[in-house]
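Okay, structure first, notes after.
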Ligand SMILES: Cc1cc2nc3c(=O)[nH]c(=O)nc-3n(C[C@H](O)[C@@H](O)[C@H](O)COP(=O)(O)OP(=O)(O)OC[C@H]3O[C@@H](n4cnc5c(N)ncnc54)[C@H](O)[C@@H]3O)c2cc1C
Ligand SMILES: Cc1cc2nc3c(=O)[nH]c(=O)nc-3n(C[C@H](O)[C@H](O)[C@H](O)COP(=O)(O)OP(=O)(O)OC[C@H]3O[C@@H](n4cnc5c(N)ncnc54)[C@H](O)[C@@H]3O)c2cc1C
């Protein structure tokens, strides 16, 4: 049995496609687990699940402690040996806790998951994008988390059938309480699909100056804004959607322009697959220049307006 | 307030290069350090202890003997005691988390366990929640802010799409983000004073976890080299900008 769980519907469908492939290769079945009302349960059958378990959740918002108990129940009942979980922040903490609880091998952020001579094999980036490690499992239960867009979902097949069951698993009592959940404002920006990204870093003096960066992005068609971690996480000038790097989004546009970004390895990890990288930084020794195709040493407040002008003349 | 911080020694990833002849990352001769976010965890532990007015901070590291030098930096910052457990010849998340959990149980009296959100070299963020799973205690991940009072901890967490506030009584395990604080630089006096603080050598047997075996194995580590043109313009903007735009147009990336 291959078990699949994600709190993100889109990711769940991507995982189902991979789970289907693994299960078919091993002659096993795919179980998807959803927690709560289970409105979309039938839909998951159409995207590749043989069985959907709609598990009763805890009393409040998501808690990894409770979800790890739910998944433990589902794994035991279905005899699942491969567990695929979506690599959202909550998915990762859930998978890791489950690994600890079950003493199982767990691999986080696997970009590739495949069978090699019938053995589950995964690949993940290490050393901040400088290397890929290829891993296998020694444990009976094998857990892997997978980020978005690693796999394409299957085409929806309205003819597929399967069972949907409601279950209640035993959930432990934990002293933690989720007191508040505040949704972050999302502008629905999708940096992963962007062809051209103009990114801002701490070289920006004020939030208002983002306008200048936006203008540059507009001057080149394919308008998408990116940023370094401090702009999103410390200053909160831009939402999480725009955060690029090891702990943010991984992007691969044909053109990436870094404005006032020093080019620390954790930022590079998120944009190293770009076709062409341009850097604008006033410090000639900034590491970003080593990772750039074209670099201009200069003040962004002078270079960016000049660049906008030049692009408009094109 | 007794706090345990798990701190890992890592290779400085910004120095890691890929050898083009073997296509492997070169790891020998690379400087080592305490993983960045683990220093944030230590800083937070010190602030919590200072606010509480009493208590003890212990760091635990699973790693090679040379990690002792780096643990001293944490003692200088304000940690009371260090623990070093040698990594077995073969180790993985299961082995390391089991050793850390064993050491935590051996210490016994603790309110909070702090870990980094993830290490800078492997960056999996697995260890904290894994330990919490082994110990069967609450886990609070990705904390941007911690308020630890006498009987409970409240944390604001960056969960990506959501900001979540979670609270718990003790014991609890919290993983912290880089944004939570700015780790202090110890003074010369503190560095000298750290020499008197103990670093305990504990074995796997000492923490009740002898004979662990790995649950994952690495088949291969392949370098991912990055080739760039590295053309840098330092001259007058009126020359540099048009030149670069022309090159970009030639590369076909402007439309
Ligand atoms: C190619 C490759 C190379 C590896 N090299 C190493 C290596 O050089 N060193 C190594 O330890 N493991 C190594 N491992 C093993 C494996 O990554 C884990 O066992 C590792 O110790 C912790 O995983 P992580 O770095 O992803 O930690 P994460 O789960 O990202 O760490 C989160 C937090 O857990 C705590 N923590 C994690 N590890 C330790 C530790 N050892 N001691 C104390 N606290 C810790 C810290 O608070 C840290 O911030 C390697 C694995 C692979 C695939
Ligand atoms: C585990 C971990 C994960 C991380 N994940 C990420 C991640 O996902 N993404 C990420 O971005 N970072 C990440 N970081 C942080 C990363 O290490 C850097 O701290 C961060 O990328 C720096 O952002 P920055 O370049 O905007 O700021 P800084 O490093 O402060 O650089 C600002 C740059 O702007 C230049 N500058 C200043 N003024 C001007 C001007 N007027 N004109 C031109 N240039 C100017 C300066 O010369 C400098 O180079 C992570 C760190 C850790 C430890």
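Protein chains in written order, with our numbering: chain A, 1 to 314; chain B, 1001 to 1255. We put the beta carbon where it would ideally sit given N, CA and C, even for glycine. Bear in mind that the values here come from a model prediction, so they are computed numbers and not experimental data.
Checklist entry - Under the criterion of a Cβ to heavy atom distance below 7 Å, does residue 1139/B qualify as lining ligand 1? => result For this step, residue 1139/B is matched to residue 139 along the second chain. Checking the Cβ of residue 1139/B against ligand 1 gives no.
Checklist entry - For a contact meaning CB atoms closer than 8 Å, what does residue 224/A contact in chain B? => result For the purposes of this step, residue 224/A is taken as the residue at position 224 of the first chain. Those within 8 Å of residue 224/A in chain B number zero; the least Cβ separation is about 14 Å.
Checklist entry - Do the region 224-231 of chain A and the region 188-206 of chain A meet, that is, are 3 or more Cβ pairs less than 8 Å apart? => result yes
Next on the checklist: Under DSSP, the beta strand (DSSP E) around residue 199/A begins and ends at which residues?
Outcome noted: The residue labelled residue 199/A in the question sits at position 199 within the first chain. Element bounds for residue 199/A: 196-200.
Next on the checklist: Please tell me whether residue 97/A and residue 1139/B are closer than 8 Å, where the distance is taken between their beta carbons.
Outcome noted: Taking the first residue of the first chain as position 1, residue 97/A is located at position 97. Taking the first residue of the second chain as position 1, residue 1139/B is located at position 139. A contact, by the Cβ cut-off of 8 Å.
Checklist entry - Since residue 125/A sits in a beta bridge, which residues does DSSP pair it with? => result Looking up residue 125/A in the first chain gives position 125. Beta-bridge pairing links residue 125/A to 132/A.
Checklist entry - Which residues have their C-beta within less than 5 Å of a heavy atom of ligand 2, listed in chain order? => result 201/A, 202/A, 203/A, 228/A, 229/A, 230/A, 245/A, 246/A, 247/A, 248/A, 260/A, 261/A, 262/A, 264/A, 266/A, 267/A, 281/A, 282/A, 283/A, 286/A, 299/A, 300/A, 1036/B, 1120/B
Next on the checklist: Nearest by alpha-carbon distance to residue 288/A: which of 268/A, 34/A, 91/A is it?
Outcome noted: For this step, residue 288/A is matched to residue 288 along the first chain. If we check each option's Cα against that of residue 288/A, 268/A comes out closest.
Next on the checklist: In whole angstroms, give me the CA-to-CA distance for residue 54/A and residue 220/A.
Outcome noted: Taking the first residue of the first chain as 1, we reach residue 54/A at position 54. Taking the first residue of the first chain as 1, we reach residue 220/A at position 220. So the two alpha carbons sit approximately 47 Å from each other.
Checklist entry - Given that a residue counts as buried once 16 or more other Cβ atoms are within 10 Å of its Cβ, and exposed if not, what is residue 1127/B? => result Counted from its first residue, the second chain places residue 1127/B at position 127. Flag for residue 1127/B reads buried.
Item to check | Contact test: residue 162/A Cβ vs ligand 1 heavy atom, cutoff 7 Å | outcome: Sequence index remark: in the first chain, residue 162/A carries index 162 (1-based). Incorrect: residue 162/A has no Cβ contact closer than 7 Å to ligand 1.
Item to check | residue 137/A in three-state terms, based on DSSP | outcome: Position 137 of the first chain, counting from 1, holds the residue named residue 137/A. DSSP places residue 137/A in strand when its eight states are reduced to three.
Checklist entry - What is the rounded straight-line gap between the Cα of residue 1204/B and the Cα of residue 1099/B? => result As a first step, residue 1204/B is located in the second chain; it is residue number 204 there, counting from the start. As a first step, residue 1099/B is located in the second chain; it is residue number 99 there, counting from the start. About 7 Å.
Next on the checklist: Does the structure place the region 1213-1222 of chain B close enough to the region 1078-1093 of chain B that three or more beta carbon pairs sit under 8 Å?
Outcome noted: yes
Item to check | Residue closest to residue 292/A, alpha-carbon to alpha-carbon, out of 1236/B, 1228/B, 1050/B | outcome: Within the first chain, the letter at position 292 stands for residue 292/A. Measuring from the Cα of residue 292/A, the nearest candidate turns out to be 1228/B.
Next on the checklist: Under 8 Å, CB to CB, which of the residues in the region 132-158 of chain A have a partner in chain B?
Outcome noted: 132, 133, 134, 135, 136, 137, 138, 139
Checklist entry - For residue 193/A and chain C, any beta-carbon pair shorter than 8 Å? => result Of the protein chains in the structure, A and B, none is chain C.
Checklist entry - Just checking my contact of residue 185/A with residue 61/A at CB under 8 Å: how many whole Å lie between their CB atoms? => result As a position in the first chain, residue 185/A is number 185, starting the count at 1. As a position in the first chain, residue 61/A is number 61, starting the count at 1. That belief does not hold up - the Cβ atoms of residue 185/A and residue 61/A are roughly 19 Å apart, past 8 Å.
Next on the checklist: ligand 1 and residue 1061/B: does any heavy atom of the ligand fall closer than 7 Å to the residue's C-beta?
Outcome noted: Residue mapping note: residue 1061/B aligns to position 61 of the second chain, counting from 1. Result yes, Cβ under 7 Å from ligand 1.
Checklist entry - Does the separation of the CB atoms of residue 14/A and residue 153/A fall below 8 Å? => result Here residue 14/A corresponds to residue number 14 of the first chain, with the count starting at 1. Here residue 153/A corresponds to residue number 153 of the first chain, with the count starting at 1. Yes. Within cutoff.
Item to check | Contacts of residue 179/A in chain B (Cβ-Cβ under 8 Å) | outcome: Here residue 179/A corresponds to residue number 179 of the first chain, with the count starting at 1. Under the 8 Å cutoff, chain B gives 1154, 1165, 1166, 1167.
Item to check | Amino acids of chain A, ordered along the chain, whose beta-carbon sits closer than 8 Å to that of residue 1120/B | outcome: Locating residue 1120/B in the second chain gives position 120, where the first residue counts as 1. 128, 266, listed in chain order.
Checklist entry - Just reading off the beta strand (DSSP E) that residue 1093/B is part of, what are its end residues? => result Residue 1093/B sits at position 93 when you count from the first residue of the second chain. Note, residue 1093/B: premise wrong, no beta strand (DSSP E); alpha helix (DSSP H) at 1093-1107.
Item to check | Beta-carbon proximity list for residue 1107/B, same chain, < 7 Å, skipping 5 on both sides | outcome: Within the second chain, the letter at position 107 stands for residue 1107/B. Excluding positions up to five away in sequence, the list reads 1004, 1058.
Item to check | Members of the region 1009-1031 of chain B that neighbour chain A once the beta carbon cut-off is set at 7 Å | outcome: 1013, 1014, 1016, 1018, 1025
Checklist entry - Does residue 289/A come within less than 8 Å of chain B when only Cβ atoms are used? => result Reading the first chain from its first residue, position 289 is the one you call residue 289/A. At least one chain B Cβ lies under 8 Å of residue 289/A.
Checklist entry - Alpha carbon to alpha carbon, how far is residue 1247/B from residue 43/A? => result Looking up residue 1247/B in the second chain gives position 247. Looking up residue 43/A in the first chain gives position 43. Each residue's alpha carbon lies about 49 Å from the other.
Checklist entry - Skipping 5 residues on each side, what residues in its chain have a beta carbon closer than 6 Å to that of residue 1119/B? => result Sequence index remark: in the second chain, residue 1119/B carries index 119 (1-based). Correct list, in chain order: 1008, 1010, 1035.
Checklist entry - Is the beta carbon of residue 1234/B sitting closer than 8 Å to the one on residue 284/A? => result In the second chain, the residue the question calls residue 1234/B occupies position 234. In the first chain, the residue the question calls residue 284/A occupies position 284. Yes.
Next on the checklist: Can you pull out the residues from the region 94-111 of chain A whose beta carbon lies closer than 9 Å to at least one beta carbon of chain B?
Outcome noted: 94, 95, 96, 97, 98, 99, 100, 101, 102, 103, 104, 105, 106, 107, 108, 109
Item to check | Residue-chain proximity (residue 187/A, chain B), Cβ-Cβ < 8 Å | outcome: By 1-based counting over the first chain, the position of residue 187/A is 187. False, the Cβ-Cβ gap to chain B never drops below 8 Å.
Checklist entry - Relative to the C-alpha of residue 212/A, which residue among 71/A, 312/A, 279/A, 305/A is closest? => result Mapped onto the first chain, residue 212/A falls at position 212. Among 71/A, 312/A, 279/A, 305/A, the Cα nearest to that of residue 212/A belongs to 305/A.
Next on the checklist: Using 8 Å as the threshold, is the C-beta distance between residue 1001/B and residue 1082/B below it?
Outcome noted: Along the second chain, one-based indexing puts residue 1001/B at 1. Along the second chain, one-based indexing puts residue 1082/B at 82. In this structure, residue 1082/B does not lie closer than 8 Å to residue 1001/B by Cβ.
Next on the checklist: List, in chain order, every chain B residue whose beta-carbon is nearer than 7 Å to that of residue 275/A.
Outcome noted: As a position in the first chain, residue 275/A is number 275, starting the count at 1. What residue 275/A touches in chain B: 1253.
Item to check | Three-state secondary structure (DSSP) of residue 168/A | outcome: Position 168 of the first chain, counted from the start, is the residue given in the question as residue 168/A. Residue state, collapsed to three classes: coil.
Next on the checklist: In the DSSP assignment, the alpha helix (DSSP H) including residue 1240/B goes from what residue to what residue?
Outcome noted: As a first step, residue 1240/B is located in the second chain; it is residue number 240 there, counting from the start. Element bounds for residue 1240/B: 1237-1251.
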